[in-house]
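Numbering (this note's numbering), first residue to last: 32 to 397.
We put the CB at the ideal spot given by N, CA and C, even for glycine.
All of these numbers come straight from a predicted model, not from anything done at the bench.
Read through the structure below, which is laid out as structure tokens, and then see the notes.
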Ligand SMILES: Cc1ncc(COP(=O)(O)O)c(C=O)c1O
């Protein structure tokens, strides 16, 4: 048996537990848009095949020139494409490690500590109060980060927050830019919100040289296997990152697909419409299941408090229904008391709801 995964989406591990082939598993563990990838991305990748015999442009000028106006930035140098947010976190981690201490909100996406540990950063963890959220019906949430120990400290925030799905207001984040020497805001899931509801800090980057915003194209456009994301930050900082990394981190197919999906307004609208309807229905359905309490979410996933240990529930669902949810054992603050589930198409959500109902009712009777 391979070791328990620390990220979602590990179908080989799940298939071993379920005793089936990986292709049979219905995956709710990775929070990927079920409507994608969009046709625009697939066509761009097909077109891009003819450029495989060339190295990509190491400056990614064309892609940067598309991304900058898309975010109303004054010049393309404010954007740096990366091999997913995960790659860019490494360079953010290298810079943050130069701070006296780096503050993180927990529970946190596991890759933050990977990147920080790789460069020997000293870390402080500030706990987001998850249990209190169980009583509220709103996904907007307040948070508090401890005061930094010096004027040379770093901060990593994630908005909307994985795994809780909470959305923090831009106004609540801004004061931390005056307190911390370097602030990295991971907005990997921000695209799932309608533009008027987004709380992005992209528009503040040109005013704050100590701000880095990270955006991913892998969740919203369902391209996790392609690897594409970007950082928005001060051009000098991004130039430094470029000098640290290998010259061609982003492959030419990923660059082509990224340019194509930016203009795909139809897919963007379809996704936001699907999410709004599917999320509220799935929330109501999950709430009806004895022993489970879903937490309202601004994103395309729910954190769910469970009376049955999360890893046991995960194993039961795999064996009985070949469905994979994300246990929360790799978030030490959550442990066995929670699981996370993606929001998928209504018919899939219903399959999970039925399977959960069966397992949880059996436990209540037993
Ligand atoms: C909060 C958060 N940031 C970043 C990532 C990684 O994104 P990418 O696929 O762009 O590397 C993930 C993936 O799960 C995530 O949950």
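- A contact is defined here as three or more CB-CB pairs under 8 Å, and the segment 85-99 fails this definition with respect to the segment 299-313.
- Ligand 1 never approaches residue 215 closely enough for any of its heavy atoms to be under 8 Å from the residue's Cβ.
- In the structure shown, the three-state DSSP call for residue 113 is strand.
- Judged by DSSP in its simplified three-state form, residue 50 adopts coil rather than helix or strand.
- Residues of the same chain with a CB within less than 8 Å of the CB of residue 151, apart from the 5 flanking positions on each side, are 128 in chain order.
- Taking the C-beta atoms as reference points, residue 179 is found no nearer than 9 Å to residue 143.
- Judged by DSSP in its simplified three-state form, residue 97 adopts helix.
- Distance between residue 251 and residue 286, taken at the CA atoms: about 16 Å.
- The way I'd put it, the segment 224-238 doesn't touch the segment 342-360; fewer than three beta-carbon pairs between them come closer than 8 Å.
- A residue is called buried when at least 16 other Cβ atoms come within 10 angstroms of its Cβ; residue 320 meets this threshold and is buried.
- Here the segment 38-48 makes no contact with the segment 231-244; the two share fewer than three CB pairs at distances below 8 Å.
- Any heavy atom of ligand 1 within less than 6 Å of a residue's beta carbon puts that residue on the list, which reads 115, 116, 117, 140, 189, 193, 217, 219, 247, 249, 255, 260.
- Around residue 215, the same chain offers 123, 187, 243 as residues with beta carbons nearer than 6 Å, after the five sequence neighbours per side are excluded.
- In terms of Cβ geometry, residue 98 and residue 110 form a close pair [threshold 9 Å].
- In this structure, residue 317 places its C-beta atom within 9 Å of the C-beta atom of residue 384.
- Between residue 118 and residue 217, the alpha-carbon positions lie close to 12 Å from each other.
- Measuring C-alpha to C-alpha distances from residue 296 to each of 34, 36, 69 identifies 69 as the nearest.
- At a Cβ-Cβ threshold of 9 Å, residue 49 and residue 343 do not count as neighbours.
- Less than 9 Å divides the Cβ of residue 62 from the Cβ of residue 220.
- Per DSSP, reduced to three states, the secondary structure at residue 35 is coil, with no helix or strand assignment.
- Residue 307 is classed as exposed because its beta carbon has fewer than 16 other beta carbons within 10 Å across all chains shown.
- Excluding residues up to 5 positions away in sequence, 248, 285, 289 lie with their Cβ nearer than 6 Å to the Cβ of residue 259 in the same chain.
- Taken atom to atom, the span from the alpha-carbon of residue 364 to that of residue 92 is near 42 Å.
- Judged by their CB atoms, residue 76 and residue 349 are not nearer to each other than the 9 Å cut-off.
- Approximately 6 Å separates the beta-carbon atoms of residue 326 and residue 333; this is inside 8 Å, confirming the contact.
- Partner residues in a beta bridge of residue 221, as assigned by DSSP, do not exist.
- In terms of Cβ geometry, residue 346 and residue 368 do not form a close pair [threshold 9 Å].
- Closest in C-alpha terms to residue 341, from the list 298, 387, 303, comes 387.
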